[in-house]
Structures are given as structure tokens and as C-alpha cells.
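Sequential numbering of the sequence shown, starting at 1, is according to this note's numbering. The C-beta atom is built at its ideal place from N, Cα and C for all residues, glycine as well.
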Amino acid sequence: MIPYGKHHIDSQDIEAVVDVLENHFLTQGSKVPEFEQALCDYTGAQYCTAVNSATSGLHVACLAAGVGQGDIVWTTPNSFVASANCALYCNATVDFVDMDPQTRNLDVSLLAQKLAHAQKRDSLPKAIVVVHFAGFSCDMRKIAKLIEGLDIVLIEDAAHALGGSYDGHKVGSCQFSDMAVLSFHPVKSITTAEGGAVMTNSALLNEKIMQFAKHGITRDSRLFDSNAVDLSQQGPWYYQQLSLGYNYRLSDLQAALGISQLKKLDGFIAARQTKADFYLTALASLPLVLPQQSESNNQSGWHLFMIELNPQVLTAQVKHPQSKNRKKVFEALQEKGIGVNVHYIPIHLQPYYQQIGFKQGDFPHAEHFYENAITLPIYPGLTEDDQQAVVDALFEVLN
Numbered sequence: 001m002i003p004y005g006k007h008h009i010d011s012q013d014i015e016a017v018v019d020v021l022e023n024h025f026l027t028q029g030s031k032v033p034e035f036e037q038a039l040c041d042y043t044g045a046q047y048c049t050a051v052n053s054a055t056s057g058l059h060v061a062c063l064a065a066g067v068g069q070g071d072i073v074w075t076t077p078n079s080f081v082a083s084a085n086c087a088l089y090c091n092a093t094v095d096f097v098d099m100d101p102q103t104r105n106l107d108v109s110l111l112a113q114k115l116a117h118a119q120k121r122d123s124l125p126k127a128i129v130v131v132h133f134a135g136f137s138c139d140m141r142k143i144a145k146l147i148e149g150l151d152i153v154l155i156e157d158a159a160h161a162l163g164g165s166y167d168g169h170k171v172g173s174c175q176f177s178d179m180a181v182l183s184f185h186p187v188k189s190i191t192t193a194e195g196g197a198v199m200t201n202s203a204l205l206n207e208k209i210m211q212f213a214k215h216g217i218t219r220d221s222r223l224f225d226s227n228a229v230d231l232s233q234q235g236p237w238y239y240q241q242l243s244l245g246y247n248y249r250l251s252d253l254q255a256a257l258g259i260s261q262l263k264k265l266d267g268f269i270a271a272r273q274t275k276a277d278f279y280l281t282a283l284a285s286l287p288l289v290l291p292q293q294s295e296s297n298n299q300s301g302w303h304l305f306m307i308e309l310n311p312q313v314l315t316a317q318v319k320h321p322q323s324k325n326r327k328k329v330f331e332a333l334q335e336k337g338i339g340v341n342v343h344y345i346p347i348h349l350q351p352y353y354q355q356i357g358f359k360q361g362d363f364p365h366a367e368h369f370y371e372n373a374i375t376l377p378i379y380p381g382l383t384e385d386d387q388q389a390v391v392d393a394l395f396e397v398l399n
């Protein structure tokens with residue numbers, strides 16, 4: 001079975017991990033700060049806090065933004081549930097902005113309409129979590145302009161997009177946002193097995209992010225509460241818990257793997273781009289909606305390559321079009337050894353979210369995309385023969 005995604009580990013990655021096992025602290029050593037600095041150097045952001053998952057990163061980003069009970073957070077339904085759950089973890093409420101069918105990201109025009117309506121009702125969100133779906137950055141400049149002066153914290157869920165760029169800046173640079181959250185899950189641009197990071201250019205936000213990710217504890221004497229104890233009597237061992245934080249730390253084992261992987265990131269993205277170009281050319285004649293192509297100034301990370309079946313074309317071409325629905329196509333491809341997948345079931349259609357008031361029909365663009373979408377295999381180690389097998393299988397199934 002050709003999987004839809006797969007990590008790429010080489011001998012250098014293995015040696016980096018073995019070196020930590022043999023010669024360094026396994027946790028709270030030097031490798032995590034080294035990895036954080038490497039991520040800053042790569043993205044151009046000033047600050048980085050590595051965490052144990054992007055989900056944890058989204059949670060602490062919301063906490064750092066001050067999201068709490070009575071607040072509202074907006075995101076897109078076309079994402080994994082973590083993009084919305086992070087607000088609920090903070091006892092806030094969630095609402096959604098539908099996706100743009102062309103970009104598959106949050107629809108900026110719908111966002112503008114929703115903001116205008118919320119402003120009139122005095123119900124603006126505390127934060128907006130935008131998701132760079134499949135590796136393509138949202139239009140961050142336009143989004144930032146829309147919320148200018150509205151006191152809304154802008155968080156990038158960039159879990160799909162490390163290695164990509166927008167407007168000449170690396171994704172994660174936070175040029176147009178307050179924070180950006182990265183993922184290092186095995187099928188992402190680079191991997192630390194599990195892991196994530198929160199990037200920011202704000203020293204204040206960075207301090208809050210670090211505290212929430214590390215038990216609410218600080219060893220920075222500048223932040224100590226001098227009313228709690230006579231600080232003159234305390235030594236270098238002293239620390240204070242200033243808030244209710246979490247143990248979201250990344251281990252040095254994982255960081256060592258991340259440092260090694262990051263050195264190869266541009267090569268990984270170039271390989272993904274080559275494979276995306278192959279699909280875009282080879283599948284152009286099939287009754288499919290293909291993803292947009294990368295532009296020179298906006299480079300996708302190509303985390304996913306997603307096609308949409310075109311029901312109108314299939315209806316015209318096939319006598320019994322129900323035989324060519326997404327489920328049938330999906331199953332036929334799986335039977336041929338193609339490990340296709342679907343990303344994602346719209347968040348608002350999950351039973352938990354339906355229990356809190358959302359229903360089918362609320363966000364039709366995301367629902368339509370989900371009903372017709374299939375994720376094809378794409379990862380750096382995917383061979384051209386494997387890609388040709390994917391293409392041949394699609395032609396056979398659809399024609």
C-alpha cells in the first residue's frame with residue numbers, strides 16, 4: 001500500500017538521536033533551546049517555544065492571547081478538530097468562517113462580512129485561528145488589514161505549512177500575525193515523532209507561551225513576585241509558579257531529531273513541489289478539481305495533495321454516476337494499493353460540535369469540499385513509479 005504521507009528518516013537523523021541518548025540530557029538539556037533557535041533562524045521569527053504537539057501549541061497560544069470564559073474564537077471548519085478545540089480548552093466559545101472553494105482556506109470576503117456584523121452586535125472574537133490548509137498560506141496581509149484596530153489576536157495554525165512562504169516571508173515568521181503554531185507530526189514537513197512549536201515576535205507573548213507550556217513556572221528573576229518571599233534569601237535554585245500551566249515540553253531526544261530534519265527541510269519542500277507538479281500535469285485531463293498551483297512569492301509546503309471529484313462532469317460522462325461517487329472511488333483506489341485519505345470531516349459536523357449547536361448546512365463550502373475530496377499520496381520519498389501508479393489507478397477508476 002502506498003501511504004498518503006510518510007516521514008523521511010536518514011542515518012544523520014538516527015545519529016543525532018543516538019548522540020543525545022549517549023552524551024546529553026534526555027530532557028531539559030541544550031537541544032531544545034538549540035532547536036528553538038534554529039526554527040527562529042529558519043522562519044525569521046524572533047521567539048520560539050517548542051512543545052509536545054501542535055495541539056498543545058494552539059492551546060498555549062490561546063492562553064497567551066488571554067482567551068477565557070465569555071470570549072469567542074473564530075476559525076475555519078475545514079481543518080482538524082484541534083484548530084477549534086484549543087478555544088474550548090480555555091472555556092471560550094467557537095464559531096467558524098466558511099472556506100473559499102478556490103483556495104480551500106478561510107474565505108476572506110466572508111470574514112469581512114462576519115466582522116462587520118459582529119462589530120455592530122459588539123460580539124467581535126478575542127482571537128482568530130487561521131489554518132494554512134494543505135500547506136498553502138492564507139492571505140495574511142488581507143486578514144491582518146481587516147482586523148486592524150479591532151483588538152483581535154491573530155493566530156496562524158501553520159501545522160501544514162512549515163517550509164512554505166507567503167509574500168516573500170517564510171511561514172512562521174509572524175509578519176502579519178501575533179503567533180504561528182507549527183507541527184512536527186511524522187507526516188508533516190519535518191518530524192520530531194510528535195511535537196510542535198509556537199513562534200512569535202512579541203517578547204510579552206513569548207513569556208506567556210513559555211510559562212503556560214512549562215507548568216506556569218519561571219526562573220527569570222525579573223518576573224518574580226517579590227511579595228511572595230524575601231528574594232534576597234533565595235539562591236540560583238529558586239523558581240516561582242506564576243500561573244496555572246501545563247507540562248507541554250518537548251524532549252531533547254525529539255529536539256535533536258528536529259534539528260537534523262530542519263537542515264533538510266528545503267530539500268523536502270522541493271521534492272514535494274516536484275511531486276505536486278507531476279500530479280498537476282498528469283491529472284489535468286480527468287474530471288477533477290485540482291489544487292491551486294504555487295506562485296513564486298507564495299510557495300506551498302504541499303503537506304497534502306487533494307483532488308475533488310467533479311460531480312457535474314461525472315454525471316455527464318457516466319450513465320450511472322452514482323457508481324463514481326467519492327466512496328466508490330476511494331474504495332477502488334484502496335483496492336489497487338493506493339493509500340488515499342480524506343482531510344477533513346468539517347469540524348462543525350462532528351457530534352460534539354453538533355451537541356453545542358452547529359448543524360449540517362451551516363458552512364456549505366466546507367461541506368461540499370468534504371463530500372468530494374480525496375487526498376492522494378505525497379511525501380519526499382514517494383517515487384515517480386509510485387506516483388505513476390496513483391495516476392494510472394485514477395484513470396482506470398474514473399474512465
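Counting only runs of 4 or more residues that sit fully inside the stretch 39 to 124, the alpha helix (DSSP H) segments are 54 to 64, 82 to 89, 108 to 120, in chain order. In the structure shown, the three-state DSSP call for F305 is strand.
Per DSSP, the unbroken alpha helix (DSSP H) holding D385 starts and ends at 384 to 398. Counting only runs of 3+ residues, the beta strand (DSSP E) found wholly inside the stretch 144 to 210 occupies 153 to 157, 179 to 183, 196 to 200, in chain order. Between the C-alpha atoms of G258 and A84 there is a straight-line separation of about 26 angstroms. The shortest CA-to-CA distance from A82 to any of G57, R104, H169, L63 is the one to G57. Here Q293 carries a coil assignment [DSSP, helix/strand/coil].
Contact annotation, P125 with I143: C-beta distance approximately 12 angstroms; criterion of less than 8 angstroms not satisfied. The criterion of a C-beta distance shorter than 9 angstroms is not satisfied by L110 and D95.
DSSP, read as helix, strand or coil, puts A284 in coil. In the same chain as F136, and ignoring 5 residues on each side of it, the C-beta atoms closer than 6 angstroms to its own belong to S300, in chain order. C62 is a Cβ neighbour of V129, given a cutoff of 9 angstroms.
P351 counts as exposed, since fewer than 16 other C-beta atoms from the protein chains shown sit within 10 angstroms of its C-beta. Cβ-Cβ distances below 6 angstroms link S260 to Q12, D13, A16 in the same chain, with the five nearest sequence neighbours on each side left out; the list follows chain order. Between the stretch 24 to 37 and the stretch 236 to 256 there are three or more inter-stretch CB-CB distances shorter than 8 angstroms, so the stretches are counted as touching. In this chain, the alpha helix (DSSP H) harbouring A366 covers 364 to 372.
Taking C-beta atoms as the reference points, K275 and Q387 count as a pair closer than 9 angstroms. In this structure, the beta-carbon distance from D178 to L154 falls below 9 angstroms. Between the C-alpha atoms of R326 and M1 there is a straight-line separation of about 19 angstroms. In the displayed model, V131 falls within a strand according to three-state DSSP. Under DSSP, K214 shares a beta bridge with N247. Judged by DSSP in its simplified three-state form, Q334 adopts helix. As the crow flies, the alpha-carbon of L398 is around 24 angstroms from that of Y379. The residue from E396, I347, A282 with its alpha-carbon nearest to that of A332 is E396.
Around the beta carbon of T200, 16 or more other beta carbons lie within 10 angstroms, which makes this residue buried. The DSSP-derived three-state label of L376 is strand. Proximity of the stretch 200 to 216 to the stretch 70 to 80 falls short of the contact definition, fewer than three beta-carbon pairs being nearer than 8 angstroms.
Just measuring C-alpha positions, the residue of E335, P377, Q360 sitting nearest V342 is P377. Look at I2 here: in three-state DSSP terms it is strand. In this structure, A50 lies near A197, with their beta-carbon atoms less than 9 angstroms apart.
Residue environment analysis places Y166 among the buried positions, since at least 16 neighbouring C-beta atoms fall within 10 angstroms of its C-beta.
For G44, same chain residues with a beta-carbon under 6 angstroms away, outside a window of 5 residues either side, are K170, S173 in chain order.
DSSP places L21 inside the alpha helix (DSSP H), whose first and last residues are 11 to 23. Judged by beta-carbon spacing, V20 lies within the 9 angstroms limit of K31, meaning their Cβ atoms are closer than that value. Judged by DSSP secondary structure, G258 falls within the alpha helix (DSSP H) whose first and last residues are 252 to 262.
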